[in-house]
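Heads up: the sequence lines are chains A and B, in that order.
No gaps in the numbering here: position 56 of the first sequence is 41 in this note's numbering, and each next residue is one more.
Take any residue in the second sequence, note its place counting from 1, add 118, and you have its number in this note's numbering.
Glycine included, every Cβ here is placed at the ideal spot set by N, Cα and C.
Below: the structure, in structure tokens.
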Amino acid sequence: SSLFVAPHLLILKTCGTTLNLLGLHRIIEIARAYCGFTTVWRCFYSRKSFFFPERQSGPHRDWRDEVTFLDSVFGAAGSAYTVGPMNRDHWLLYLTSPNAQPLLPSDASLSSDFSLSLSLPSPPALDRPSTYQDSTIEILMSHLSPEGRAPFFAPSPAPGPEASGTLSGHELGAQISHRLGIDTLFSRGETTLDSFGFEPCGYSANAVVGSGSPETNIPGGGYFTIHVTPEDGWSYASFESNIPLPQTSTADRPDIATLIRKVVGIFQPSRLSITLFVSTPPEGGIGESEAERRAWSALGTDLLGREFARKDRIGYEFDGYDLVFACFEKRG
Amino acid sequence: LSSPGPFEGPEKLLEVWFAPSASALPETSAAGAARYRPAAVQREWKGLRRVPRAVWEEMLDIVKCKVLSVVEGAEVDAYLLSE
């Protein structure tokens, strides 16, 4: 699981039976107390269909419960979508229209150490500036091959009284990252990678990017994150990134097709879904149709070669964002 | 990351945006700083990044996650979590 915090946004990505949405009220309270934010510019909540929905609790027991929970916070500003085949790898999305006014429960209470910040006046509601561009790719992979799963099991400690100590989680994570080339998905010099190998298995990594590449005019900033559950029967790996990518690969950064192929090559899934979320300029703005075209064509039938068949490609146009969703399955 | 029995890999992903970009925050301009920041607080505006780790940990307790480690990037702080 991972948490990313930027000056203006927070991303919380949690697996297992975590109670992700129950953190939302507190996040809004903290943002108000420390930064004076009284509105949420936008909220996105998404997930793939669960393998074991019966193990979830709280609002996560059912998609309808999650939507009801989010509606209780955002009222009429939210919309819920089901994307993809309902009997296979569908994907669920809830998003709000800009500048939603969150409705905090009446008994919401703040810790006493927030009191100093509470005197901050609120920033005004904001419109989307025409220059702003945001792009996030998420690759959700399942049915990993035995070779794809094997690196994510911690080695057994050597037997005998002279056995040396086992690796720490961070040491094991770094070892896995290096062996599989995760530490070179982007230029090593501009990326700070933090990875962890779990006992007896599993892996998580966060990476943050520094200053960008002046030679190619590609901006800096952004993150990528990876989480892996390698057990046979419910193997799963996810990759997500909002790092700006060039149109063609450079020494520092891959283009989007190269990045997807590298990631799929590491985890070797039999099934995967890819979502590409791209902000679009205001209607009629420069680059509107270009942004749509690039997002759509990025997930073409030949993206992963003849080894994979693309089963679906679905496009959505939201207010300010285009979403392209595609499913691939290994042939045979 | 493991637990007794099958483990649910697919994640729940929550993104809460309080402004369209960091540069869109009025506090980043000099005029904004004068309007929205108390005079006594003249440090660089970091928005949510100024929230102490302990405060996020309290929120994460509700979610049932623990912080394993943190790295800071140019624009974002990344917390690696248990579970």
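State the Cα-Cα distance for the pair residue i and residue j, rounded to the nearest angstrom.
| i | j | result |
| --- | --- | --- |
| ARG153 of chain B | HIS212 of chain A | Legend: pLDDT at ARG153 of chain B = 43, less than 50; position of this residue unreliable, no value from coordinates given. |
| SER258 of chain A | ARG32 of chain A | 11 Å |
| GLY317 of chain A | ASP74 of chain A | 18 Å |
| PRO38 of chain A | SER(-14) of chain A | 18 Å |
| VAL249 of chain A | SER141 of chain A | 27 Å |
| PHE224 of chain A | PHE22 of chain A | 30 Å |
| THR53 of chain A | GLN160 of chain A | 43 Å |
| GLY133 of chain A | ARG279 of chain A | 30 Å |
| PRO136 of chain A | LEU152 of chain A | 14 Å |
| PRO83 of chain A | CYS28 of chain A | 8 Å |
| THR3 of chain A | GLU133 of chain B | 16 Å |
| SER120 of chain B | PRO266 of chain A | Low local confidence applies: a pLDDT of 48 at SER120 of chain B is under 50, so the model's placement there is unreliable, and no value is given. |
| THR(-1) of chain A | ARG164 of chain A | 25 Å |
| THR24 of chain A | LEU131 of chain B | 20 Å |
| VAL68 of chain A | LEU125 of chain A | 14 Å |
| GLY305 of chain A | ARG168 of chain B | 28 Å |
Between which two residues does the alpha helix (DSSP H) harbouring residue i extend?
| i | result |
| --- | --- |
| LYS247 of chain A | 241 to 252 |
| VAL25 of chain A | No alpha helix (DSSP H) holds VAL25 of chain A; DSSP gives it neither H nor E. |
| GLU190 of chain B | Where GLU190 of chain B is concerned, there is no enclosing alpha helix (DSSP H), although the beta strand (DSSP E) it sits in stretches over 185 to 190. |
| GLY158 of chain A | 154 to 165 |
| ALA172 of chain B | 171 to 181 |
| PRO38 of chain A | Neither: PRO38 of chain A is in no alpha helix (DSSP H) and is coded neither H nor E. |
| ARG73 of chain A | Taken as a continuous stretch (DSSP letters only), ARG73 of chain A belongs to no alpha helix (DSSP H), as it is neither H nor E. |
| GLY165 of chain B | Note, GLY165 of chain B: premise wrong, no alpha helix (DSSP H); not H, not E. |
| GLY133 of chain A | 131 to 134 |
Please state the DSSP three-state secondary structure of residue i.
| i | result |
| --- | --- |
| ARG5 of chain A | The question names Arg, but residue 5 of chain A in the sequence shown is Asn. Helix at ASN5 of chain A. |
| TRP219 of chain A | coil |
| SER141 of chain A | coil |
| ASP47 of chain A | coil |
| GLY127 of chain B | coil |
| ASP195 of chain B | strand |
| ALA157 of chain B | Because ALA157 of chain B sits at a pLDDT of 39, beneath the cut-off of 50, its placement in the model cannot be relied upon, and the following sentence gives the value as read from the coordinates. Here ALA157 of chain B sits in coil by DSSP. |
| PHE310 of chain A | strand |
| HIS212 of chain A | strand |
| MET126 of chain A | strand |
| SER234 of chain A | coil |
| PHE171 of chain A | coil |
| LEU88 of chain A | coil |
| SER200 of chain B | coil |
| THR260 of chain A | strand |
| SER34 of chain A | coil |
| VAL134 of chain B | strand |
| SER189 of chain A | strand |
| THR265 of chain A | coil |
| THR53 of chain A | helix |
| SER282 of chain A | helix |
| SER141 of chain B | helix |
Residues of chain B with a CB under 7 Å from the CB of residue i: which are they?
| i | result |
| --- | --- |
| TRP26 of chain A | TRP135, PHE136, ALA137, PRO138 |
| ARG40 of chain A | GLU126 |
| ALA16 of chain A | PHE136, LEU166 |
| LYS33 of chain A | PRO128 |
| PRO140 of chain A | Chain B residues near PRO140 of chain A: none, gap ~15 Å exceeds 7 Å. |
| ARG11 of chain A | MET177, ILE180 |
| VAL312 of chain A | The amino acid occupying residue 312 of chain A in the given sequence is Cys; Val does not appear at that position. Those do not exist, as CYS312 of chain A stays about 14 Å from chain B at its closest Cβ, beyond 7 Å. |
| ASN191 of chain A | VAL189, ALA196, LEU198 |
| PHE252 of chain A | Result: empty, since nearest Cβ-Cβ is about 11 Å, beyond 7 Å. |
How would you list, in chain order, the residues of chain B whose beta-carbon sits under 8 Å from the beta-carbon of residue i?
| i | result |
| --- | --- |
| TYR208 of chain A | GLY191, VAL194, ALA196 |
| TYR301 of chain A | What TYR301 of chain A touches in chain B: nothing, since even the nearest Cβ is about 16 Å away. |
| PHE(-11) of chain A | VAL194, ASP195, ALA196, TYR197 |
| TYR30 of chain A | LYS130, LEU131, LEU132, GLU133 |
Tell me which residue opens and which closes the beta strand (DSSP E) that residue i is part of.
| i | result |
| --- | --- |
| GLU302 of chain A | 293 to 302 |
| ASP179 of chain A | 176 to 182 |
| ILE228 of chain A | It is not in any beta strand (DSSP E) - ILE228 of chain A carries neither H nor E in the DSSP assignment. |
| GLY63 of chain A | 63 to 68 |
| LEU288 of chain A | From DSSP, LEU288 of chain A is part of no beta strand (DSSP E); its letter is neither H nor E. |
| LEU(-6) of chain A | -6 to -1 |
| PHE(-11) of chain A | -13 to -9 |
| LEU77 of chain A | 76 to 81 |
By the criterion of Cβ-Cβ separation under 9 Å, what are the contact partners of residue i in chain B?
| i | result |
| --- | --- |
| HIS45 of chain A | LYS130 |
| ASN72 of chain A | Those do not exist, as ASN72 of chain A stays about 16 Å from chain B at its closest Cβ, beyond 9 Å. |
| ASP56 of chain A | The premise fails here: ASP56 of chain A is roughly 15 Å from chain B at the closest Cβ pair, so nothing lies under 9 Å. |
| THR177 of chain A | VAL189, GLU190, GLY191, ALA196 |
| VAL194 of chain A | GLY191, ALA192, GLU193, VAL194 |
Legend entry - Members of the stretch 215 to 239 of chain A near chain B, C-beta cut-off 8 Å: Shown in chain order are the members of the stretch 215 to 239 of chain A whose Cβ falls below 8 Å from a Cβ of chain B: GLU216, GLY218, TRP219, SER220, TYR221, ALA222, SER223, GLU225.
Legend entry - the stretch 120 to 136 of chain A: positions lying closer than 8 Å to chain B by Cβ: Of all residues in the stretch 120 to 136 of chain A, only GLU123, LEU125, SER127 place a beta-carbon less than 8 Å from a beta-carbon of chain B.
Inset, instruction - Anything in the stretch 154 to 173 of chain A with a Cβ closer than 8 Å to a Cβ of chain B? List those residues in chain order, please. - result: Those would be GLY154, HIS155, in chain order.
Legend entry - Chain-ordered residues of the stretch -6 to 9 of chain A with a beta carbon less than 9 Å from chain B: Those would be LEU(-6), LEU(-5), ILE(-4), LEU(-3), LYS(-2), THR(-1), CYS0, GLY1, THR2, THR3, LEU4, ASN5, LEU6, LEU7, GLY8, LEU9, in chain order.
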